[in-house]
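First residue of the sequence shown: 59, per full-length UniProt numbering; consecutive thereafter.
The structure appears below as structure tokens.
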Amino acid sequence: NWSPDTCRWDGGELVPYGPLTLLPAAQVLNYGQSIFEGLKAYRFDGGSDAAAAAAEHRVLLFRPDANAARFEAGARRMCMPPVPSAMFLAAVQAVARANAAWVPPPARGSLYIRPLLLGTGPLLGLCPAPSYTFLVYAVPVGGRAKEGRLVPLDYLIHESRHRAAPRGVGSTKAAGNYSPCLLAQAEARAQGCHDCIYLDAKSDTYLEEGSGCNVFMTRGSVVTTPPAAGSILPGITRASLLQLAAALGYAVREAPISWKEALQADEMFGSGTALVVQPIRSVTFKGRRVMFCRTSSSNGTSVDDGESAANGHANEHANGNGQAN
Ligand code: PMP
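See the structure below:
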């Protein structure tokens, strides 16, 4: 807890998962002063002595220092006392260690870790909270693959809703950024899609990101993702993919992607801590669906995805009601 009397963080213990006590006037309940992070811990049973590794439940966190830095930047943007990096890292490591027995074996899943920073002090009136709570909880999650295959995603490029306002808090993981996505997601699902990709609020032309992931497109050997500035969250997975793609010899561009370019991509994919890297099978924009890759559905039956987009972009399936084929 951070207290206004000491102006510092203190306390910190591991407790069983359970309810929080908050006053009705807690800032976070009234004005939403709240940020979060998402990290994954993976079981690491490698090395020469696999049995010992399994017994010790060794876990590895994916780039926690990057989450600590983003959490700190987010706290400053939201007028909250930043959690020092060392405290953030110690807390996520302690939670990962304490839950190591629950981390699924390699390739079967991981431990999703959720740090939260909340304005818990009570105050009626729009001001930063007088006191804050930093907490971390964790939940084991399965892999994204079903029967050994990644399930490709269908996205709606939303033509009438934005995720984040220009000059707002889109580049932070503010809890309030996610509630506007709920209705947009429901609308995407009503069109047979899993989720949506939002366009920029200034020109309604350029792809920003999904409700919870960054987006990429490829054309030939060029990999492009929108610049993570302004209202786009600078994803940690995104940054790793940019490094990996460059190391693998792809030309890597951080450049705006218009919806027109997206419809002509060879491939698209999403990236994020929860999603990891997931192929996008189709995008739908204004009732027109474009398919990107040929794959199999989760029950193993073949899905006719039409011609590969790489094959002259002759892959457009206009499909009146936008339902998945
Ligand atoms: N954009 C948004 C809006 C997100 O919620 C996430 C998930 N954190 C991402 C992008 C991907 O970021 P990361 O790779 O750090 O998880």
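Think of the CB as a built atom: it goes at the ideal place given N, C-alpha and C, for glycine as much as any other residue.
Within 9 Å, strictly: CB atoms of residue i and residue j
i, j, result
"S269", "A313", "no"
"V117", "R155", "yes"
"L72", "A152", "yes"
"G330", "T276", "no"
"D258", "Y213", "no"
"L174", "A158", "no"
"L181", "P337", "no"
"L211", "G288", "no"
"W60", "Y256", "no"
"G201", "G167", "yes"
"V343", "W317", "Going by the sequence as given, residue 343 is Phe instead of Val. Yes; because the gap between Cβ atoms is below 9 Å, this pair is in contact."
"G90", "A232", "yes"
Closer than 8 Å: residue i CB and nearest the ligand PMP heavy atom
i, result
"C271", "yes"
"A304", "no"
"L241", "no"
"G330", "yes"
"G90", "no"
"I294", "yes"
"R128", "yes"
"R221", "yes"
"L291", "yes"
"Y236", "yes"
"G96", "yes"
"E267", "yes"
"K344", "no"
"N59", "no"
Euclidean distance between Cα positions of residue i and residue j
i, j, result
"C239", "H216", "11 Å"
"P122", "G183", "35 Å"
"A131", "G96", "15 Å"
"C185", "Q85", "8 Å"
"A304", "T282", "11 Å"
"M138", "P292", "20 Å"
"L80", "T178", "7 Å"
"G370", "R339", "Annotation note: pLDDT 31 at G370 (below 50); position unreliable, coordinate value reported separately. Roughly 17 Å separates the two Cα atoms."
"F274", "V341", "12 Å"
"G358", "K204", "Unreliable positioning characterises G358 in this predicted model, as indicated by a pLDDT of 33, which lies under 50. A coordinate reading is not provided."
"T263", "P163", "43 Å"
"R172", "Q322", "36 Å"
"P62", "P188", "6 Å"
"W67", "A320", "46 Å"
Rounded distance between the beta-carbons of residue j and residue i, thought under 8 Å
i, j, result
"F146", "A126", "4 Å"
"F120", "K98", "5 Å"
"C271", "L333", "5 Å"
"A309", "V280", "5 Å"
"V161", "V194", "So it is not a contact: roughly 15 Å between Cβ atoms."
"T64", "M136", "With a Cβ gap of about 21 Å, T64 and M136 do not count as contacting."
"A248", "N235", "That belief does not hold up - the Cβ atoms of A248 and N235 are roughly 22 Å apart, past 8 Å."
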